[in-house]
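What follows is a short report on a single structure.
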Amino acid sequence: MNDITAPSKPRYLKAGTVNCPKCKGSLEWEQHYGFMKVYNVDGKELYQGRCMQCKTYWGVKTK
1 MNDITAPSKP RYLKAGTVNC PKCKGSLEWE QHYGFMKVYN VDGKELYQGR CMQCKTYWGV
61 KTK
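Residues in the sequence shown are numbered from 1 upward in steps of one, following UniProt numbering.
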């Protein structure tokens, strides 16, 4: 039985992804002093990308 209220497991985009899978717009990367900022989430290293068209945030794997 699938429960709609159950939290879903987060999904991350493959390394090297530059376009939003939702609307195919380009992703803009969060940067700190000109370097791409790396986040450690659930033991995975991720870049944070934001789609410029649909304004959605995505976690993109570094490797």
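All C-beta atoms, glycine included, are put in the ideal place defined by N, C-alpha and C.
For Cys51, is the classification buried or exposed, using 16 other Cβ atoms within 10 angstroms of its Cβ as the cut-off for buried?
-> buried
Report yes if the C-beta distance between Arg23 and Trp58 is below 8 Å; otherwise report no.
-> This sequence places Cys at residue 23; Arg is not what is there. No, these two residues do not count as a Cβ contact at 8 Å.
Between Glu28, Asp42 and Lys14, which lies nearest to Cys54 when the distance is taken from Cα to Cα?
-> Glu28
Paired residues, beta bridge with Glu45 - DSSP | Asn40
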